[in-house]
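Report on the structure given below.
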Amino acid sequence: MGIKDLAKVIADHCPKALKTAEMKAYFGRKIAIDASMSLYQFLIAVRQDGAVLTSADGETTSHLNGLFYRTIRMMENGVKPVYVFDGKPPELKSDELDKRSEKRAEATQQLAEATEKGDTEAMDKYNRRLVKVTSEHTDDCKKLLNLMGVPVVEAPCEAEAQCAELVRKGIVYATATEDMDALTFGSEILVRHMTFSEAKKMPIKEFSLEKVLQGLGITYDQFIDLCILLGCDYCGNIKGIGPKKSVELIKQYGSIEEILQNIDHKKFPPPTGWKYKEARSLFLQPNVEDGNKFELTWAEPKVQEIIDYLCGQKGFSEDRIRSGLDRLKKSRRTAQQGRIDAFFAPIPVNIEKNNKEKKEIVEDKKEQKPAKKRRIIIEDDEEEDVDEKEVEKEEENENSKEVGE
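Residue numbers are given in the UniProt record's numbering: position 259 of the sequence shown equals residue 259, and the series is strictly consecutive.
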């Protein structure tokens, strides 16, 4: 789920913290990608006639298809991707995972009813809601990335937290994910839509944590409490308090403790045994590996091994895979140019947690209107139309990052 309505809060209260850009604007940038979120997107979106792509043996291959071509597209634009995979979820997330299991059971029943009625549109919708990234999917993708020469990082816990750590230490420029809690974990820059297909024609959205804090006029600690009030994966939130009220209360009282002392608990009942302090600690001190321990390298792709794996084992078209590999090798030569700022040492980001940030911001020049339609690439050059609102709903629903057997 990430942080409920945080993107809306930013758009309403500090729009200058958001800018849009084309992928080529990130030429030479190292980007930490939330791998599980991306794989979920590929399983949802890379389809033909409403069904996931499969091998002759019936194995799902949509995740490999999406990963192969989207990674090539990023590298063709000079982006240096680093895929970060989830580890064991924190104990605080158990209630959220239980809710997701309940929603999956509900979707299973709804799918059965839609199938009995022959409602193909509803069947497609509920099939998408049942999509789950499994350990087999992640193992497949780690293997392919290693063969492609793209670095992989395995987080001990939440991938977004590890991505944020890499950003803070200056190892990478930004975190790429659709989950807004990367900002809550302290990622100075968050980019959305980085792994979307080119056919969707959706610009990348870049959020600046510094400008969010400046625009809201709050500290990083207060921002974490705001995110907990809005709704996160680790605890409940206060009933009856929406996004607008949450911002007002944080700006007025400064912390959840002070808010609890000043609101009417009958009108705004907090959850029983509310674990907001534990959630706050998880955001402030997440279980991550020190970003400085990682030496990220982008190696030459192992062409024949990729062909053996994707074509020999997974049933991909050899002509298309060879064509993709030619693009990948060419992109590596282009990437050698680098950005001019790559000649200088990266400056680690230090978010001030107890002082208010300056409020002066340079106004961004572009605003992006939401797209009404998106087109989804099937194995690089075949496309399928998908309703924009429905796919957005699936990408943001609670199943979006469930990983397991």
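Even glycine gets a Cβ: it sits at the ideal position worked out from N, Cα and C.
Model, not experiment: these values are computed from the prediction.
For residue i, the first and last residue of its enclosing alpha helix (DSSP H)
i	result
Phe68	62-76
Val82	Segment 80-85 is the beta strand (DSSP E) holding Val82; no alpha helix (DSSP H) there.
Ala279	276-284
Asp221	220-230
Asn262	256-262
Glu248	243-253
residue 406	Nothing in the structure corresponds to residue 406, since the chain is present only between 1 and 405.
Lys8	6-13
Glu305	303-307
Cβ neighbour criterion (16 or more within 10 Å) applied to residue i
i	result
His265	exposed
Lys314	buried
Ala159	buried
Lys277	exposed
Asp34	buried
Asp330	It should be noted that the sequence gives Lys, not Asp, for residue 330. Looking at its Cβ environment, which holds fewer than 16 other Cβ atoms inside 10 Å, Lys330 is exposed.
Gly273	exposed
Pro271	exposed
Ala32	buried
Asn292	exposed
Pro269	exposed
Glu116	exposed
Thr177	buried
Lys4	buried
Lys93	buried
Asn262	exposed
Arg333	exposed
Lys80	buried
Ala11	exposed
Asp225	buried
Arg36	Note that residue 36 is Ser in the sequence shown, not Arg. Buried.
Thr108	exposed
Lys125	buried
Lys239	exposed
Glu91	exposed
Gly118	exposed
residue 412	Outside the shown range of the chain (1 to 405) lies residue 412, about which nothing can therefore be said.
Arg73	buried
Lys8	exposed
Val386	Residue placement at Val386 is flagged as unreliable, the pLDDT there being 40, under the threshold of 50; a coordinate-derived value is accordingly withheld.
Thr297	exposed
Glu121	exposed
Arg41	In the sequence as presented, Arg is not what sits at residue 41; that position holds Gln. It counts as buried.
Closest by C-alpha distance to residue i, when choosing among the options
i	options	result
Gly28	Ile171, Asp57, Val131, Arg104	Ile171
Thr184	Phe223, Pro203, Cys141	Phe223
Tyr234	Leu64, Lys99, Asp290, Ser62	Lys99
Ser255	Thr297, Gly312, Tyr220, Ala45	Tyr220
Val288	Lys8, Ala164, Met75, Asp140	Ala164
Pro89	Glu113, Ala56, Leu282, Leu296	Leu282
Lys275	Pro203, Met202, Glu257	Glu257
Phe294	Gln162, Lys24, Arg280	Gln162
Lys169	Ser317, Ile238, Gly186, Lys302	Gly186
Val150	Arg322, Lys302, Phe316	Lys302
Leu6	Lys267, Ile306, Pro243	Pro243
Met23	Glu76, Leu230, Ala45	Glu76
Val212	Pro203, Ile321, Cys227	Cys227
Ser317	Asp119, Gly240, Ser55	Ser55
Met148	Asp308, Ala299, Gly312, Ile321	Ala299
Cys14	Leu64, Ile218, Thr71	Ile218
Phe68	Gly78, Ile44, Leu39	Leu39
Leu229	Lys200, Lys201, Phe207, Asp181	Asp181
Gly2	Lys19, Ile72, Ala279, Ala25	Ala279
Tyr173	Asp179, Ser208, Asp319	Ser208
Leu43	Tyr26, Gly66, Ala21	Gly66
Val46	Lys30, Ser197, Ala17	Ser197
Lys143	Glu210, Thr175, Ala112, Glu305	Glu305
Element boundaries [beta strand (DSSP E), containing residue i]
i	result
residue 406	The question about residue 406 has no answer, for the chain in this structure spans 1 to 405.
Ile33	30-34
Ala21	18-21
### Task
Please determine if the segment 152-166 and the segment 67-87 are in contact, where contact requires at least 3 C-beta pairs separated by less than 8 Å.
yes
### Message
To test your reading of the DSSP string, which unbroken alpha helix (DSSP H) runs of 4 or more residues are found completely within the segment 131-198?
### Response
135-148, 159-168, 181-184
### Task
Evaluate the contact criterion for the segment 187-201 versus the segment 245-252: three or more CB pairs, one atom per stretch, below 8 Å.
no
### the segment 130-146 contacting the segment 58-67, beta-carbon criterion three pairs below 8 Å
yes
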